[in-house]
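Enquirer: Mind looking over this structure? Questions follow.
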Amino acid sequence: SSNRDDRILDRVDGRLAVISVGEGNDYGHPAPATMKALQDRGFAVHRTDTEGDLAVVTDGTEVSVVAG
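Residues in the sequence shown are numbered consecutively from 26, following our numbering.
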């Protein structure tokens, strides 16, 4: 959504963003400004509309995203 507060992105120690969004949705999600805010802060962005089903997995140390 374009109705967001970027201060939360500045306060979290985030490196990963998973965006659940339908392909070709009528709302224009994700908002371009949201994508830019995430990319500007170095988040790895994964989207269900471009990658399909996503699973976030961890080995207890590292976190990764698996598409499938």
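Ideal Cβ placement from N, Cα and C applies to all residues, glycine included.
Keep in mind that this is a model prediction, so the values were computed, not measured.
Can you tell me which of the three DSSP states T83 falls into?
Expert: Locating residue 83 in the sequence shown gives position 58, where the first residue counts as 1. Reduced to three states, the DSSP call for T83 is strand.
Enquirer: In angstroms with no decimal places, state the Cα-to-Cα distance between V82 and V91.
Expert: Sequence index remark: in the sequence shown, residue 82 carries index 57 (1-based). Sequence index remark: in the sequence shown, residue 91 carries index 66 (1-based). Answer to the nearest angstrom: the Cα atoms are 7 Å apart.
Enquirer: If you measure between the beta carbons of D31 and A62, is that distance less than 7 Å?
Expert: The sequence position of residue 31 within the sequence shown is 6, counting from 1. The sequence position of residue 62 within the sequence shown is 37, counting from 1. Against a cut-off of 7 Å, the Cβ pair of A62 and D31 comes out as a contact.
Enquirer: Using beta-carbon positions only, say whether V2 and T73 come within less than 7 Å of one another.
Expert: Absent from the model: residue 2. The displayed extent of the chain is 26 to 93, so no value can be given.
Enquirer: Any idea what DSSP makes of A42, helix, strand or coil?
Expert: Here residue 42 refers to the residue found at position 17 of the sequence shown. Residue state, collapsed to three classes: strand.
Enquirer: Name, in chain order, the residues that DSSP records as bridge partners for H54.
Expert: For the purposes of this step, residue 54 is taken as the residue at position 29 of the sequence shown. Answer by DSSP bridge pairing: none, since H54 is not bridged.
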